[in-house]
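Note sheet for the following structure.
2 protein chains.
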Amino acid sequence: MTPLARYLPILDWGSRYDRDTLTSDLVAAVIVTVMLIPQSLAYALLAGLPAQYGLYASIMPLLAYAVFGTSRTLAVGPVAVISLMTAAAAGTIAAPGTPAFIEAALALGFLSGLMLVVMGVLRLGFLANLLSHPVVSAFISASAVLIATSQLKHLLGVDAEGETMVGMVRGLAASAGHINLPTLLIGGISLGFLFWVRKGLKPLLQKAGLPPRGADLLAKAGPALAVLIAILAVVQLGLEARGVRTVGAIPSGLPPFVVPSFDPDLLAKLVVPAFLISLIGFVESVSVAQTLAAKRRQRIMPDQELTALGASNLAGAFSGGFPVTGGFARSVVNFDAGAQTPAAGAFTAVGILIATLYLTPFLAPLPKAVLAATIIVAVLSLLDLKTPRMLWAYSRADFAGWAATVLLTLAIGVEAGVISGVVMTLALYLWRASRPHAAIVGEVPGTGHYRNIARHKVITDPAILTIRIDESLTYLNARWLEDYVLKQIAERPEVRHLILMASAVNAIDSSGLESLEAIVHRLSEAGVATHLSEVKGPVMDRLAHSHFLETLSGKIFLSQHEAFTTLGASSNGKAATTPMPAAEDPWLMRGLI
Amino acid sequence: MTPLARYLPILDWGSRYDRDTLTSDLVAAVIVTVMLIPQSLAYALLAGLPAQYGLYASIMPLLAYAVFGTSRTLAVGPVAVISLMTAAAAGTIAAPGTPAFIEAALALGFLSGLMLVVMGVLRLGFLANLLSHPVVSAFISASAVLIATSQLKHLLGVDAEGETMVGMVRGLAASAGHINLPTLLIGGISLGFLFWVRKGLKPLLQKAGLPPRGADLLAKAGPALAVLIAILAVVQLGLEARGVRTVGAIPSGLPPFVVPSFDPDLLAKLVVPAFLISLIGFVESVSVAQTLAAKRRQRIMPDQELTALGASNLAGAFSGGFPVTGGFARSVVNFDAGAQTPAAGAFTAVGILIATLYLTPFLAPLPKAVLAATIIVAVLSLLDLKTPRMLWAYSRADFAGWAATVLLTLAIGVEAGVISGVVMTLALYLWRASRPHAAIVGEVPGTGHYRNIARHKVITDPAILTIRIDESLTYLNARWLEDYVLKQIAERPEVRHLILMASAVNAIDSSGLESLEAIVHRLSEAGVATHLSEVKGPVMDRLAHSHFLETLSGKIFLSQHEAFTTLGASSNGKAATTPMPAAEDPWLMRGLI
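Residue numbers (this note's numbering), protein chains in the order written: chain A, 15 to 607; chain B, 15 to 607.
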């Protein structure tokens with residue numbers, strides 16, 4: 015692969031593009047387009063934007079991803095969770111649907127695109143590691159619940175505000191008297207139809223003689239079918255006059271060229287949500303892309319994916335699109351439909367463009383309740399109940415982080431949920447990293463092997479204390495190291511030699527080094543010599559770049575056994591040179607070492 | 015030690031207090047008091063407060079520490095860096111010396127005390143680990159430069175504002191024409207005298223027959239002597255009339271009982287600086303306490319130190335004191351003077367109380383220039399030039415963090431300096447943690463030992479890929495693990511078995527577990543079985559709490575050699591069962607494995 019093709023993967027796959035690939039990609043594109051039209055309208059609704067913005071977000075971003083993306087099958091576009099985050103962030107600026115709100119939604123896409131590109135160029139993708147699996151799972155599940163709840167008002171045909179669970183439920187309860195019956199009927203039937211399509215249509219189609227994959231793909235057209243039927247019903251039965259709210263006139267034509275807002279006040283307010291949208295979008299997208307790539311033994315390049323998603327969002331921001339990322343269900347359909355290259359995405363963009371140009375007049379009578387039903391059915395598949403069960407069994411601390419993220423997302427909002435999840439996970443990690451495992455060891459009699467005195471019958475010497483540290487020495491545990499070692503020494507006035515057994519120390523950072531020096535210095539003032547044993551090669555190489563070896567009051571021994579026997583032999587009469595078995599060791603019995 | 019004595023160490027040492035200890039403590043207290051009087055006045059000046067607040071901060075906090083502290087010799091009170099941070103934080107609320115400024119300074123002490131107590135009770139001391147050695151060293155050195163520069167205006171007798179280096183230098187330059195000559199003379203002479211006291215007085219006293227330790231301690235009275243001479247000079251020569259600025263009337267009497275402000279707006283603005291003051295104060299204080307305790311093979315308890323410092327600050331906040339912590343120079347003097355218990359601190363408090371009651375009328379003519387000289391001489395010893403040299407040699411990344419902290423502290427301010435240092439250090443740590451070391455290994459011929467193929471001549475099998483991961487699997491490297499493993503598999507279409515050699519994996523958190531499951535799942539779809547070898551006992555115990563062992567497509571082998579030979583023998587004909595030496599291995603020569 016040429017260096018340029020690394021940053022423009024289209025040069026790589028494009029140069030080998032042939033007729034067969036074209037056919038496969040075109041078939042996949044048609045299927046994804048049919049699926050994407052109702053989705054894009056629905057997610058615009060969810061994001062609080064007029065319907066056409068969903069279409070705009072499904073054209074230029076897809077073309078940009080086709081140029082820069084490394085996944086062969088990822089289908090980019092508006093997705094549920096990112097749309098919810100967009101609604102929440104833009105909602106702090108203005109009321110949904112207002113020009114200021116739309117401006118904020120586009121600015122979010124611009125900021126997020128910029129951040130993703132910068133992260134891609136500076137290789138900052140590791141920041142996404144801060145989102146642990148439990149936090150992402152909790153956040154997505156809680157968002158799904160929030161999203162489904164937020165759509166109930168469309169199903170009922172009522173006005174109800176509120177962003178948190180409590181707010182929305184309260185809003186729905188207050189408007190319970192204003193339910194529009196035709197809307198409820200349409201919504202209920204759509205919901206039932208869409209659930210049935212997911213579960214029952216595929217077997218039916220298979221019975222009718224379709225192959226399983228074909229039946230599966232055709233079932234994905236369910237939402238489009240629901241849209242079609244609902245439009246016909248509204249027009250034929252004159253339901254608009256009976257209070258059924260519809261999408262209304264959608265301007266047709268090419269996506270507009272817009273310059274996103276550069277208002278520094280606006281951008282400053284959107285920096286944090288844009289960053290979270292970038293990270294969540296990236297994590298979800300890469301996870302989908304990796305899953306699909308692995309099935310065909312292909313690879314994606316996470317750093318380049320940052321750039322590609324960034325380019326998609328920038329392309330969207332300049333053409334009336336709101337934040338987008340790779341969608342799970344859509345990408346699976348694209349994969350199953352046989353997409354071979356990102357060109358399938360470009361063809362999908364052309365499909366949506368055609369819809370934008372010629373189909374929009376027919377979409378005006380589409381009831382919002384049908385879109386709401388589409389969203390509800392889609393997001394319920396995001397609910398992940400396996401993860402909390404797994405966490406409960408595997409790690410209560412991680413489960414607590416999961417539960418807190420769910421509760422805070424539902425109770426306060428998406429930003430608070432993600433941020434507190436990240437902070438809690440990091441705090442727990444730092445807490446664990448700050449108190450690593452260490453053991454006082456002695457010799458398993460006659461073997462030359464050294465084991466934890468708390469678990470094995472071993473030989474010790476009252477004048478010699480050996481501590482094995484089972485972790486790299488970093489600034490996070492440097493203070494712990496000083497506390498721990500000084501405590502052990504303070505409790506054993508007889509000790510004259512401390513051996514730090516470094517067999518599990520993979521690295522020592524400068525704080526760890528200074529703590530080692532502090533220990534050596536303090537102990538030598540207290541009359542204790544500090545020795546090291548079993549220092550790994552790379553660690554030793556680094557230590558040679560410091561003055562540590564000169565300041566060390568003791569020696570560095572290649573093996574722990576050499577250290578123990580040498581020091582045991584040289585220590586003055588009082589320290590037993592003939593070690594006694596652990597069971598008879600008075601120190602052990604007194605629980606001191 | 016009784017449980018209560020753990021939280022009230024005074025019960026422990028107090029019960030064994032005797033006449034000899036009393037004598038030692040009293041002698042130390044007298045010496046520290048003489049040293050502390052000018053220091054407390056000077057640090058109040060540095061903090062932007064009237065002089066008496068320095069005395070107030072040296073009474074109740076010392077008594078509180080004597081009750082709660084675990085260090086026998088730590089001397090608590092106002093210190094330079096914390097005073098600078100107080101001035102910077104309160105300076106964002108009001109102009110120095112105004113009632114609103116004083117209120118903010120006291121509120122800082124209150125908040126900081128509260129935070130420290132909460133951190134002590136919740137055992138959150140590990141948060142102080144976020145301050146790495148390089149960041150603390152950089153911050154203290156830069157603060158010393160800032161402090162020394164800020165005192166130049168007092169030495170020159172001019173008015174000059176400015177908090178950053180650039181601001182202060184600009185202010186001094188602008189007022190260069192207004193230098194007060196008598197002030198400059200007093201300041202210059204004091205500075206010269208104090209420097210000479212540090213270097214030249216001790217040898218002189220020794221020549222005069224004093225023992226080294228006595229000479230050392232007497233030399234610490236230098237600042238007090240300078241104060242005395244300066245007061246006499248001002249009074250005798252009528253220097254106040256000639257423009258020499260003095261401390262002015264200091265109200266005498268007991269420290270006032272004040273209730274700190276509970277204004278939520280004010281407290282909200284001070285939360286971040288109060289937290290930084292708490293952390294920096296704690297880190298410095300614990301480091302001093304540990305150094306001194308180790309010399310006598312005593313111990314301090316960091317968590318209890320949090321509570322003790324918190325109690326000190328709360329006691330200060332209710333008695334007109336600003337934030338305090340354990341001071342280095344002062345504690346060393348206390349130690350050298352023979353202090354045996356925290357009672358020495360309580361006696362020092364009594365000494366300062368007596369000074370507050372009876373000495374203040376005599377301090378009014380004290381020139382500010384002398385206090386400024388005291389501060390400058392004191393803080394220059396905080397300059398740490400060894401650390402940057404050590405960092406440059408040992409770790410360029412850590413050096414960069416040091417340099418950035420220094421520059422940002424000087425250019426923007428103390429808060430920005432600390433925060434960016436902490437953030438950079440953490441980001442670097444997370445970056446390193448997110449890409450741990452891993453190696454593809456093969457068998458050293460005939461030994462059953464497995465080593466990195468990049469460094470050793472080893473035997474491999476094209477159908478088997480063995481990856482040794484040299485790190486615990488956590489959420490920080492979970493995504494890296496998936497990327498890395500999938501990349502290696504994608505590059506080797508012949509591989510049918512992946513062995514993850516877990517001999518260096520000390521723990522697997524839930525994100526690491528999910529990544530392992532994802533790898534197993536994805537690889538099995540690509541026709542590759544995943545095996546584990548040399549899983550540590552505790553890790554295996556945890557895995558038994560999950561469904562991982564059921565979902566694993568391969569086996570878990572006790573030893574890597576067993577895994578390699580078993581899989582090598584069972585893999586179909588194509589995969590060589592008779593391994594060839596590394597040098598002849600075509601895969602190795604093609605640089606693929």
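Beta carbons: idealized from backbone N, C-alpha and C, even for Gly. Source: prediction; values computed, not measured.
#1: What are the residues in the region 482-494 of chain A lying within 8 Å of chain B by C-beta distance?
#2: Name, going along the chain, the residues of the region 402-432 of chain A whose beta-carbon falls closer than 8 Å to a beta-carbon of chain B.
#3: Taking 7 Å as the cut-off, decide whether the C-beta atoms of B/Thr-197 and B/Ala-392 are in contact.
#4: In terms of residues, what are the limits of the alpha helix (DSSP H) holding B/Gly-201?
#5: For my contact list, B/Pro-381 and B/Val-248 are in at a C-beta cut-off of 8 Å; report their separation, rounded to the angstrom.
#6: Please state the DSSP three-state secondary structure of A/Pro-64.
#7: How is the beta strand (DSSP E) around B/His-575 delimited, first residue to last?
#8: Can you list, in chain order, the residues of its chain with a C-beta nearer than 7 Å to that of A/Gly-341? Leave out the 5 residues immediately preceding and following it.
#9: Buried or exposed for A/Ala-387, please, with buried defined as at least 16 other CB atoms from any protein chain shown within 10 angstroms of its CB.
#10: Can you list, in chain order, the residues of its chain whose CB lies under 6 Å from that of A/Gly-456, leaving out five sequence neighbours each side?
#11: Go through its chain and collect everything with a Cβ distance to B/Tyr-31's Cβ below 6 Å, but skip five positions before and after it.
#12: So B/Arg-482 is in the beta strand (DSSP E); what residue range does that whole segment cover?
#13: Tell me which residue opens and which closes the alpha helix (DSSP H) that B/Arg-493 is part of.
#14: Which chain B residues are close to A/Leu-527, counting only those with a beta carbon under 7 Å from its beta carbon?
#15: Compute the Euclidean distance between the alpha carbons of B/Gly-415 and B/Tyr-408, then round it to the nearest angstrom.
#16: When the cut-off is 7 Å and only beta carbons count, does B/Lys-309 lie next to chain A?
#17: Excluding the 5 residues flanking B/Lys-234 on each side, which residues of the same chain have their C-beta closer than 6 Å to its C-beta?
#18: Ignore the nearest five residues each way along the sequence and tell me which others in B/Ser-538's own chain have a CB closer than 8 Å to its CB.
#19: Could you spell out where the beta strand (DSSP E) holding A/Ile-513 opens and where it closes?
#20: Find the residues of chain B that neighbour A/Gln-312, judging by a C-beta separation of less than 8 Å, and give them in chain order.
#21: For B/Thr-100, which option in B/Lys-283, B/Thr-579 and B/Arg-449 has the closest C-alpha, if you only look at C-alpha atoms?
#22: Does the beta carbon of B/Arg-536 sit closer than 7 Å to a beta carbon anywhere in chain A?
#23: Does the region 203-214 of chain A come close enough to the region 235-246 of chain A to have 3 or more Cβ pairs within less than 8 Å?
#24: What residues in the region 346-365 of chain B bring their beta carbon closer than 9 Å to a beta carbon of chain A?
#25: Hey, does B/Pro-476 have any beta-carbon neighbour from chain A nearer than 7 Å?
#26: Under 7 Å, Cβ to Cβ, is there at least one residue of chain B near A/Asn-586?
#27: Mind pulling the alpha helix (DSSP H) runs of 4 or more residues that sit fully within the region 61-145 of chain B?
#28: Assign A/Lys-13 to buried or exposed, taking buried as 16 or more other Cβ atoms, counted over all protein chains shown, within 10 Å of its Cβ.
#29: Taking a contact to mean a Cβ-Cβ separation below 7 Å, would you say A/Ala-67 touches A/Ala-58 in this structure?
#30: Within 10 Å of its beta-carbon, does B/Thr-16 have 16 or more other beta-carbons around it, so buried, or fewer, so exposed?
#31: What's the C-alpha gap between B/Val-261 and B/Val-364?
#32: Let me confirm a value: A/Gln-250 is counted as buried when at least 16 other C-beta atoms fall within 10 Å, else exposed. Which label applies?
#33: Please identify the residue among A/Ala-65, A/Val-46 and A/Glu-505 whose C-alpha is closest to the C-alpha of B/Ala-308.
#34: Determine which residues share a DSSP beta bridge with B/Ser-547 and list them.
#35: Out of curiosity, what's the CA-to-CA distance linking B/Glu-175 and B/Gly-191?
#36: Could you spell out the range, first to last residue, of the alpha helix (DSSP H) harbouring B/Ile-531?
Checking against the coordinates, here is how it stands:
#1: Correct list: Asp-484, Glu-485, Thr-488, Tyr-489, Leu-490, Asn-491, Ala-492, Arg-493 and Trp-494.
#2: So the list reads Met-404, Leu-405, Ala-407, Tyr-408, Ser-409 and Asp-412, given in the order they occur along the chain.
#3: Taking the second sequence and counting its residues from 1, one reaches residue 197 of chain B at position 183. Taking the second sequence and counting its residues from 1, one reaches residue 392 of chain B at position 378. Taking 7 Å as the Cβ cut-off, B/Thr-197 and B/Ala-392 do not qualify as a contacting pair.
#4: To locate residue 201 of chain B, count along the second sequence from 1; it is residue 187. Note, B/Gly-201: alpha helix (DSSP H), 195-210.
#5: Within the second sequence, numbered from 1, the residue matching residue 381 of chain B stands at position 367. Within the second sequence, numbered from 1, the residue matching residue 248 of chain B stands at position 234. Indeed they touch by this definition, with Cβ atoms about 6 Å apart.
#6: Translated into positions along the first sequence, residue 64 of chain A becomes position 50. Coil, per DSSP.
#7: Here residue 575 of chain B is taken as the residue at index 561 of the second sequence, counted from 1. Counted as a single uninterrupted DSSP element, the stretch harbouring B/His-575 is not any beta strand (DSSP E) but the alpha helix (DSSP H) occupying residues 574-584.
#8: By one-based count along the first sequence, residue 341 of chain A stands at place 327. Excluding residues within five positions, the ones whose Cβ falls inside 7 Å are Ala-89, Gly-91 and Val-93.
#9: Working through the first sequence from its first residue, we reach residue 387 of chain A at position 373. The residue in question, A/Ala-387, is buried, as its Cβ has 16 or more Cβ neighbours within 10 Å.
#10: Taking the first residue of the first sequence as 1, we reach residue 456 of chain A at position 442. Excluding positions up to five away in sequence, the list reads Ile-467, Val-472, Ile-473 and Thr-474.
#11: Numbered from 1 along the second sequence, position 17 holds the residue referred to as residue 31 of chain B. When the five nearest sequence neighbours on each side are left out, no beta carbon in the same chain lies closer than 6 Å to the beta carbon of B/Tyr-31.
#12: Reading the second sequence from its first residue, position 468 is the one you call residue 482 of chain B. Element bounds for B/Arg-482: 478-483.
#13: As a first step, residue 493 of chain B must be located in the second sequence, where it is residue number 479. Segment 492-504, the alpha helix (DSSP H) holding B/Arg-493.
#14: On the first sequence, residue 527 of chain A is found 513 positions in, with the first residue counted as 1. Residues of chain B passing the Cβ test: Tyr-408.
#15: Locating residue 415 of chain B in the second sequence gives position 401, counting from the first residue. Locating residue 408 of chain B in the second sequence gives position 394, counting from the first residue. So the alpha carbons of these two residues sit roughly 13 Å apart.
#16: Residue 309 of chain B sits at position 295 when you count from the first residue of the second sequence. Among the CB atoms of chain A, one or more fall inside 7 Å of the CB of B/Lys-309.
#17: The residue you call residue 234 of chain B lines up with position 220 of the second sequence. If the five residues before and after B/Lys-234 are omitted, its C-beta is found closer than 6 Å to the C-beta atoms of Met-49 and Val-347, all from its own chain and listed in chain order.
#18: Here residue 538 of chain B refers to the residue found at position 524 of the second sequence. For B/Ser-538, where only same-chain residues beyond five positions count, the Cβ hits under 8 Å are Thr-544 and Ser-567.
#19: Within the first sequence, numbered from 1, the residue matching residue 513 of chain A stands at position 499. That run of the beta strand (DSSP E) goes 511-515.
#20: One-based indexing of the first sequence puts residue 312 of chain A at position 298. Annotation: Cβ neighbours of A/Gln-312 in chain B (cutoff 8 Å, chain order): Ala-504.
#21: Your numbering for residue 100 of chain B matches position 86 in the second sequence. Closest option to B/Thr-100, Cα to Cα, is B/Lys-283.
#22: One-based indexing of the second sequence puts residue 536 of chain B at position 522. It does; some Cβ of chain A falls within 7 Å.
#23: Taking a cut-off of 8 Å for Cβ pairs, the region 203-214 of chain A and the region 235-246 of chain A touch, as three or more such pairs fall below it.
#24: Residues passing the 9 Å Cβ filter: none.
#25: Within the second sequence, the letter at position 462 stands for residue 476 of chain B. Among the CB atoms of chain A, none fall inside 7 Å of the CB of B/Pro-476.
#26: For the purposes of this step, residue 586 of chain A is taken as residue 572 along the first sequence, with counting starting at 1. Here A/Asn-586 scores only 47 on pLDDT, less than 50, and its place in the model is too uncertain to base an answer on.
#27: Complete alpha helix (DSSP H) runs here, min 4: 66-70, 74-82, 94-105 and 113-135.
#28: With chain A represented from 15 up to 607, any question about residue 13 of chain A goes unanswered, as that position is not in the structure.
#29: Taking the first residue of the first sequence as 1, we reach residue 67 of chain A at position 53. Taking the first residue of the first sequence as 1, we reach residue 58 of chain A at position 44. A quick correction: the sequence has Tyr, not Ala, at residue 67 of chain A. Taking 7 Å as the Cβ cut-off, A/Tyr-67 and A/Ala-58 qualify as a contacting pair.
#30: By 1-based counting over the second sequence, the position of residue 16 of chain B is 2. The residue in question, B/Thr-16, is exposed, as its Cβ has fewer than 16 Cβ neighbours within 10 Å.
#31: Position 247 of the second sequence, counted from the start, is the residue given in the question as residue 261 of chain B. Position 350 of the second sequence, counted from the start, is the residue given in the question as residue 364 of chain B. Between B/Val-261 and B/Val-364, the C-alpha separation is close to 23 Å.
#32: In the first sequence, counting from the first residue as 1, residue 250 of chain A sits at position 236. By the neighbour-count definition (other C-beta atoms within 10 Å, threshold 16), A/Gln-250 is an exposed residue.
#33: Position 294 of the second sequence, counted from the first residue, corresponds to residue 308 of chain B. The shortest C-alpha separation from B/Ala-308 is found at A/Glu-505.
#34: In the second sequence, counting from the first residue as 1, residue 547 of chain B sits at position 533. Under DSSP, B/Ser-547 takes part in a beta bridge, and its partners are B/Met-515 and B/Phe-571.
#35: Locating residue 175 of chain B in the second sequence gives position 161, where the first residue counts as 1. Locating residue 191 of chain B in the second sequence gives position 177, where the first residue counts as 1. About 15 Å.
#36: Stepping through the second sequence from its first residue, residue 531 of chain B is reached at position 517. Before going on, a small fix: residue 531 of chain B reads as Glu here, not Ile. Here the alpha helix (DSSP H) through B/Glu-531 covers 524-539.
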